[in-house]
Structures are given as C-alpha cells and as structure tokens.
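Asks: In terms of UniProt numbering, the sequence shown opens at residue 1 and continues consecutively. Backbone N, C-alpha and C define an ideal beta-carbon position, used for all residues, glycine too.
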Amino acid sequence: MTSTQYRPEIVELDDAQQRREWQAFTLSDLPEMISSMHACHAVRALADTPLLERLRTGPQRTRQVLLAGIDPEIGPGFLRYLVRRGILETRGAEYFLTRLGEFLTTDVSLARLGVYVDAYGAVTSRIGDLLTGTAVYGKDVVRDGGKLGAHCDTLFSVFHTPTLLRAMRGREVTRILDIGCGGGQLLVDACLRDPTLSGIGLDIDADAVDVANEHARRSGVADRVRFVVGDAFAPGTWPQECFAADGLCMMSALHEHFRNGEQAVVDLLDDISTKFPQLKILLVGEPEIRYDGRENDDDFFLIHVLTGQGLPRDRSAWFDVFEKSTLTCRRMYTRPSAGPRMCFYDLVAGAEQP
1 MTSTQYRPEI VELDDAQQRR EWQAFTLSDL PEMISSMHAC HAVRALADTP
51 LLERLRTGPQ RTRQVLLAGI DPEIGPGFLR YLVRRGILET RGAEYFLTRL
101 GEFLTTDVSL ARLGVYVDAY GAVTSRIGDL LTGTAVYGKD VVRDGGKLGA
151 HCDTLFSVFH TPTLLRAMRG REVTRILDIG CGGGQLLVDA CLRDPTLSGI
201 GLDIDADAVD VANEHARRSG VADRVRFVVG DAFAPGTWPQ ECFAADGLCM
251 MSALHEHFRN GEQAVVDLLD DISTKFPQLK ILLVGEPEIR YDGRENDDDF
301 FLIHVLTGQG LPRDRSAWFD VFEKSTLTCR RMYTRPSAGP RMCFYDLVAG
351 AEQP
C-alpha cells in the first residue's frame with residue numbers, strides 16, 4: 001500500500017489595516033517592556049526559591065537536583081524560560097548562570113529589584129485605583145516596609161555605611177544616634193566596622209526596633225548598640241538616653257517631613273540643634289531626584305508620588321533649607337555610581353566652617 005503524505009493548504013491573511021495595527025504594537029517598545037516585566041519577576045523568583053543558591057553553590061546543577069522541592073509541572077519550563085532569556089545556560093546535563101545571570105543576581109541587583117518589585121509592587125500595580133480615588137494609600141494600599149527595609153539595608157551596607165563612618169570619624173564622634181533607624185543595619189554595620197563606636201537607634205515602628213535589637217545581639221554588638229521606639233520628627237518625645245549621643249544621622253527620612261511644609265523641616269532641624277548642645281555633627285543622608293531619566297530616577301520619582309511621601313529634593317534645594325535653619329552645612333558627601341543616589345550633608349550648629 002502506498003502512503004501519501006498530506007499537507008493542508010496554508011493561507012496567509014494580510015491586509016493594510018491589520019498590518020498597521022501590528023506595526024503600532026511592535027514599534028511601541030511594548031514587546032520589550034512586557035518581556036522585561038516578566039524577567040524581573042523571574043529573577044525575583046530565582047532569589048525567593050532555593051534555585052539561586054543551588055545554582056551558585058552546586059555541587060551538582062542537574063535538573064533533578066535544582067528542582068528538588070519545586071513544582072514538577074512548572075519547574076522544567078521555568079528553567080527553559082531562563083535559558084531562552086539568556087539568564088541560564090546548559091553545559092551537558094547541568095545548568096549554570098550566564099554572565100548576565102550573575103549580574104542580575106548580585107546582592108545589589110536583587111536589592112534594587114526588590115525595592116520596586118517586593119516593597120512597592122503592591123502600590124504600582126494599583127496606580128489606576130490610586131488615581132481615581134478607588135483606593136487610598138495608607139488605607140487600602142501600602143508598601144511592604146519590612147522588605148523595603150531589608151533591601152535598603154543591603155544597599156546602604158555596600159554603598160553608604162563607609163560614607164557614614166568617614167563623616168563621623170572626621171568629627172571624632174564616639175556615640176551615634178540613628179534617627180529613623182528601621183531594622184538597625186546601618187548602625188550595627190558601622191559599629192562592627194569601628195569598635196570604638198557605640199550607638200542608639202530610634203524608630204517609630206516597634207516591630208522594627210525589636211528586629212534591630214535582635215540583629216545587634218546576633219552580631220555581637222548589643223553591649224554597644226541599643227534601639228528604642230520614638231518618633232523621628234518629635235525630638236521632645238525621645239527617650240533620655242538618646243541625648244548622650246555626640247553624632248546624629250538621619251537617613252532617607254527627613255524629606256518625608258516636607259509633607260508638613262518646608263518650615264516644619266526647618267523647625268525640626270532647629271529643635272535638634274537646641275536639644276543637642278554638644279552635637280559634633282548631624283549627618284543628613286538624602287536621596288536625590290535629578291529628573292534625568294537615568295538609573296531609575298523616574299521610577300524613584302513615581303513611587304514617592306504614589307505614596308504621598310514628601311518628594312526628595314536636589315542638593316541646591318536642600319542648601320536653601322539649611323540656610324533657613326540655625327545649622328550650617330559644612331560639607332556634602334556624594335558617591336557617584338551608587339544606588340540610591342544619595343547626598344550626605346554634614347551639619348553643625350552655628351557658623352562653623354569645614
């Protein structure tokens with residue numbers, strides 16, 4: 001019997017209107033934007049599951065080893081997707097991170113991604129509701145403060161703790177008060193790196209304070225570092241032990257007080273100056289929005305708009321604020337090629353110069 005291979009007729013449909021519609025989509029950059037969105041979530045999933053650690057440390061990276069405990073229906077396809085995206089590559093039966101994959105999964109890269117996906121994802125996914133008033137930030141929609149703190153701790157440890165130490169050592173500070181300390185990483189990290197320092201951290205979130213004290217205990221600096229509950233913007237309510245500090249720092253917090261007007265910020269600075277007559281330095285670390293579209297500047301602007309935080313200002317605007325207070329800005333530290341882009345203002349009471 002003779003077998004005849006049958007192939008159906010293929011009819012390709014095309015018309016000018018359809019072609020224009022598809023061209024509009026393909027030329028809009030949306031295909032790449034959609035791919036980038038899913039790649040962001042995929043990279044985050046790598047870090048949130050055992051997959052990344054297994055890829056980093058081995059000793060075997062076969063599919064069977066990598067996917068242990070992973071959904072057997074989803075896992076193989078997910079690995080294949082990562083290969084197609086150039087994040088993983090195969091060598092024989094094993095999977096490895098490509099150079100791109102390594103760059104995407106550094107501690108800094110994952111922290112930067114985590115700020116937007118983990119901490120603010122619930123906010124940016126509801127922009128429409130926030131715009132129409134269907135949802136209100138702080139009531140129906142909130143950022144994940146715990147994850148934000150964890151990711152910021154990573155970034156500060158890499159980029160900004162060295163700046164803090166340089167500024168404090170330059171003013172011969174022995175005891176630091178970290179105003180708005182969050183989970184305490186900055187202060188613990190500083191005291192680990194400099195055994196001559198001691199410190200106290202203050203934050204309004206009692207849970208964050210508990211986490212910070214436990215972190216100090218685990219890190220072996222609980223004899224030099226303590227954390228207490230208090231409102232960063234109300235110095236009159238701070239526990240008495242805070243006022244033993246001769247060096248103060250306030251990181252990424254002061255700009256939020258602009259919600260109450262510029263004069264409120266000036267008044268707070270003056271209040272701190274009055275209550276700390278022995279102050280050697282108030283180091284104000286503030287992110288800087290430059291409106292240049294680089295290094296996620298626009299994204300940083302957006303999350304501040306959506307959450308009703310006082311907008312971070314550029315350095316020239318801060319200089320104007322400091323001039324209205326009783327404090328003098330002696331020096332400004334900035335570190336190019338770091339994230340978030342920060343300026344650190346070295347303030348002191350009176351007219352002392354650098």
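(1) With three or more beta-carbon pairs closer than 8 angstroms as the criterion, would you say the stretch 136–154 touches the stretch 302–320?
(2) Would you say the stretch 102–115 touches the stretch 329–337, given that touching needs at least three Cβ pairs under 8 angstroms?
(3) Compare the Cα-Cα distances from arginine 315 to each of Ala208, Ile289, Asp118 and report the closest residue.
(4) Take alanine 47 and list the residues in its own chain whose beta-carbon comes closer than 7 angstroms to its own, dropping the five residues that flank it on each side.
(5) Along the chain, where does the beta strand (DSSP E) containing serine 337 start, and where does it finish?
(6) In chain order, what are the residue ranges of uninterrupted beta strand (DSSP E) at least 3 long that sit wholly in the stretch 292–342?
(7) Could you tell me the distance, in whole angstroms, from the CA atom of asparagine 260 to the CA atom of valine 229?
(8) Using the Cα positions of aspartate 313 and alanine 42, report the straight-line distance between them to the nearest angstrom.
(9) If arginine 224 and serine 198 are in contact, beta carbons under 8 angstroms, what's the gap, nearest whole angstrom?
(10) Serine 198 lies in the beta strand (DSSP E); which residues open and close that run?
(11) For residue 355, list the residues DSSP reports as bridge partners.
(12) Relative to the C-alpha of histidine 215, which residue among Asp297, Gly146, Pro235, Gln185 is closest?
(13) To the nearest angstrom, how far is it from the Cα of isoleucine 272 to the Cα of valine 266?
(14) To the nearest angstrom, how far is it from the Cα of glycine 92 to the Cα of alanine 39?
Replies: Working from what's here:
(1) yes
(2) no
(3) Ile289
(4) Thr105, Leu110
(5) Where serine 337 is concerned, there is no enclosing beta strand (DSSP E), given that its DSSP letter is neither H nor E.
(6) 327–334
(7) 22 angstroms
(8) Sequence inspection shows arginine at residue 313; the aspartate mentioned does not correspond to that position. Going by the C-alpha atoms only, they are around 33 angstroms apart.
(9) 4 angstroms
(10) 198–203
(11) Here the chain covers residues 1 to 354 and nothing more, so residue 355 does not appear.
(12) Gln185
(13) 10 angstroms
(14) 24 angstroms
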